[in-house]
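Residue numbers (the working numbering), protein chains in the order written: chain A, 7 to 244; chain B, 7 to 244.
All C-beta atoms, glycine included, are put in the ideal place defined by N, C-alpha and C.
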């Protein structure tokens, strides 16, 4: 195949039907690239230049995914509601919610992007899942510990600079740090394994788009966060 | 240029230095595609096949962006802390935080993906910014109103099914719905304009990656949410 610029297409009797030129392949590759990008950003493929798509059609293509993600996010309401009592007693825990769940979402979309793209380039396949899982657990732990330490010191800084977190700030700092390790590790595992799972099930791995991963990790991230905080603050602040 | 499969490269005196074949171009295109994907997912480019990169190097490539995003997210701590009193009085508002900020992040990354990709395909350029802005404001409003209505009914459902939101649930429903319109509209505007701004400043628009947009929209989304809730619940629950 190397260095060919056109390929013949024949029927079963080897009668020439036509040729596929490298132009055709480039055109298809560019279409596929667009579709992949749009799926990863959570839109159905547009199939027309952006400025030619009527606004209402643009809306229709985008709203479907947004509604799916939005309804998925209602699970976070349930997660939040089930920890309402904990929050009532230690309201300061609410302060960290956006930061904690976003670290899970960010590490998850990063991992998903790496794996989707490595699959697209043929560098990894579904059979490599265990090797990938081991690498991602290690990377996820390293990243989680790093961000956890940063998080711990942010609580320290917030305490000394703005007196934000009350007398138990060290304990709160540990709760935040440890929760971040858990959330980042979990986000990394989910982000790397989900594209492989989708591929295994015959779906397009690019469907496990960044927003989709972020939504999944939001819910589990909240559970990890409140679970950790509950265990570490029980008997002291709870 | 059409239908050529190799191009000659000459020096200033038209002496042939060599040829660039379509293979070379395909190779470069595939490298660029990888880099774009990795930037959009918030990783520095790997430049090696995934399984060949040592875990510690993988960690180093990924942690930089994660720390930047994490430190960016500390602004959400400030936003949350400044509304701590509001939250103390109407704790139920905390329940919707993950859902609200994720709708901003999702609509923002969707818009960013569309625009980055339309720019990559040459369908839009920086000069089209005003035309794009008008389209995105319209789409953002349509999407925001749709999700806002869904959000309003989710509060209704949560009230009647699980008695989650107390006697002022209608007012809370309106606050949530209106906040969602604002957050989605804002996310869409930010997501579509930021890649154009980066391009204008000479940076790579793909740098305005999904996680980066999500982080920005998290902070502003919280301010829009609490601001709206404060205005609508003042005198009743606050």
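Contacts that residue 137 of chain B makes with chain A (C-beta to C-beta distance below 8 Å): 57
Under 8 Å from the C-beta of residue 173 of chain A: neighbouring residues of chain B: Using a Cβ-Cβ cut-off of 8 Å, residue 173 of chain A is close to nothing in chain B; its nearest Cβ partner there is about 16 Å away.
Rounded straight-line distance, which links the Cα of residue 186 of chain B to that of residue 155 of chain B: 9 Å
Contact check, residue 104 of chain A vs residue 80 of chain B, beta carbons under 7 Å: no
Continuous alpha helix (DSSP H) assignments of at least 4 residues falling wholly in the stretch 116-173 of chain B: 135-168
7 Å Cβ cutoff met for residue 188 of chain B and residue 230 of chain B: yes
Status (buried if at least 16 other CB within 10 Å, exposed otherwise) for residue 224 of chain B: buried
Buried or exposed by the 16-neighbour rule on C-beta atoms within 10 Å, applied to residue 194 of chain B: The residue in question, residue 194 of chain B, is buried, as its Cβ has 16 or more Cβ neighbours within 10 Å.
Residue 114 of chain A (DSSP reduced to helix, strand or coil): Assigned with DSSP and collapsed to three states, residue 114 of chain A falls in helix.
Sub-7 Å separation of residue 197 of chain A and residue 117 of chain A beta-carbons: yes
Which of helix, strand or coil DSSP assigns to residue 190 of chain B: helix
Residue-level contact to chain B via CB, residue 198 of chain A, 7 Å cutoff: no
Residue ranges of each alpha helix (DSSP H) within the stretch 65-118 of chain A, 4 or longer: 90-95
Under the three-state DSSP convention, the category residue 15 of chain A falls into: strand
7 Å Cβ cutoff, residue 76 of chain B in contact with chain A: yes
Spatial distance of residue 165 of chain A from residue 92 of chain A (CA atoms): 21 Å
Alpha-carbon to alpha-carbon, residue 24 of chain A and residue 210 of chain B: Taking C-alpha positions only, residue 210 of chain B is separated from residue 24 of chain A by approximately 41 Å.
Sequence-distant residues of its chain with Cβ nearer than 8 Å to residue 147 of chain B (five each side left out): 187, 191
Residue 108 of chain B versus residue 94 of chain A - alpha carbon distance: 23 Å
Any C-beta of chain A under 7 Å from that of residue 87 of chain B: yes
Rounded straight-line distance, which links the Cα of residue 58 of chain A to that of residue 236 of chain A: Looking at the two C-alpha atoms, the distance is approximately 53 Å.
Beta-carbon proximity list for residue 205 of chain A, same chain, < 7 Å, skipping 5 on both sides: 125, 132, 211
Bridge-paired residues (DSSP) for residue 22 of chain A: A:16
Beta-carbon neighbours of residue 131 of chain B, restricted to chain C and to distances below 7 Å: Checking the listed chains, one finds no chain C in this structure; the protein chains it contains are A and B.
C-beta neighbour in chain A for residue 18 of chain B, strict 7 Å: no
Contact set between residue 205 of chain A and chain B, taken where Cβ atoms lie within less than 9 Å: None at all; the shortest Cβ gap to chain B is about 14 Å.
From B:78, B:151, B:100, residue whose alpha carbon lies closest to that of residue 90 of chain A: B:100
Residue burial classification, residue 167 of chain B (beta-carbon count within 10 angstroms, cutoff 16): Exposed, because fewer than 16 other Cβ atoms sit within 10 Å of the Cβ of residue 167 of chain B.
Residue 233 of chain B: contacting residues in chain A (beta-carbon distance under 8 Å): Going along chain A, no residue has its Cβ under 8 Å from residue 233 of chain B, so there is no contact; the nearest lies around 16 Å.
CB contact below 7 Å: residue 79 of chain B versus chain A: yes
Residues of the stretch 211-230 of chain B whose Cβ lies closer than 7 Å to any Cβ of chain A, in chain order: 216, 217, 220, 221, 224, 228
Backbone CA spacing between residue 142 of chain B and residue 180 of chain A [nearest angstrom]: 43 Å
Cβ-based neighbour list, residue 7 of chain A, same chain, cut-off 7 Å, excluding 5 preceding and 5 following: Only weak support is given to the placement of residue 7 of chain A: the predicted model assigns it a pLDDT of 43, under 50, and the value that follows is read from those uncertain coordinates. Cβ-Cβ distances below 7 Å link residue 7 of chain A to nothing in the same chain once the five nearest sequence neighbours on each side are left out.
Residue 225 of chain A in three-state terms, based on DSSP: DSSP places residue 225 of chain A in helix when its eight states are reduced to three.
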